[in-house]
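Novice:
Numbering (my numbering), first residue to last: 241 to 368.
Structure representation (structure tokens):
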């Protein structure tokens, strides 16, 4: 997708400048700094917090799935529909996708998408 090396899962989801920018936006959203592992499995394992509740970790892992699925979807749009790479669009789509998954899975989730976008940590703490 970056056009700099042969596509692999490590390149597409981690080391490509485009993927790195999407992950950076995600970490910035949460107000944290983190390394982005080259290996997708290591990257996924990073989305498990030792001191957090199980429900918090489920949502945290869901964010990883949302980022990866949106990168893949965007990659296909760029390749097959002559789309343009846009990390902010991928990040915003991931926010909506993950919120909709949370909303669908948790009938008691009462926070609106706007709150999720502005204060994801507060929303994650509300999930039991």
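We put the CB at the ideal spot given by N, CA and C, even for glycine.
Keep in mind the model is a prediction, meaning the values are calculated, not measured.
According to DSSP, is residue 292 helix, strand or coil?
Specialist: In this structure, residue 292 counts as coil in the three-state DSSP scheme.
Novice: Take residue 362 as the anchor and find which of 309, 299, 281, 248 has the nearest alpha-carbon.
Specialist: Ranking 309, 299, 281, 248 by Cα distance to residue 362 puts 299 first.
Novice: Assuming the contact rule is C-beta atoms closer than 8 Å, residue 360 and residue 270 should be a hit. Round their C-beta distance to whole Å, please.
Specialist: With 8 Å as the limit, residue 360 and residue 270 qualify as a contact, their Cβ atoms being about 6 Å apart.
Novice: Apply the 10 Å Cβ neighbour rule to residue 320 and answer buried if 16 or more other Cβ atoms are within range, or exposed otherwise.
Specialist: Exposed: under 16 other Cβ atoms inside 10 Å.
Novice: Answer with buried or exposed for residue 315, where buried requires no fewer than 16 other C-beta atoms within 10 angstroms of its C-beta.
Specialist: Buried is the call here.
Novice: Start and end of the alpha helix (DSSP H) containing residue 361?
Specialist: 360-366 is the span of the alpha helix (DSSP H), which, as asked, contains residue 361.
Novice: Residue 224 by DSSP, collapsed to three states: which one?
Specialist: For residue 224 there is no data in the structure shown, the boundaries of the chain being 241 and 368.
Novice: Tell me where the alpha helix (DSSP H) around residue 352 begins and ends.
Specialist: Where residue 352 is concerned, there is no enclosing alpha helix (DSSP H), given that its DSSP letter is neither H nor E.
Novice: Given that a residue counts as buried once 16 or more other Cβ atoms are within 10 Å of its Cβ, and exposed if not, what is residue 256?
Specialist: Residue 256 comes out buried.
Novice: Apart from the five residues just before and just after residue 287, which ones in its own chain have a Cβ nearer than 6 Å to its Cβ?
Specialist: Cβ within range, chain order: 300, 301, 304.
Novice: Work out the CA separation of residue 338 and residue 364 for me, nearest whole Å.
Specialist: Those two C-alpha atoms are separated by around 12 Å.
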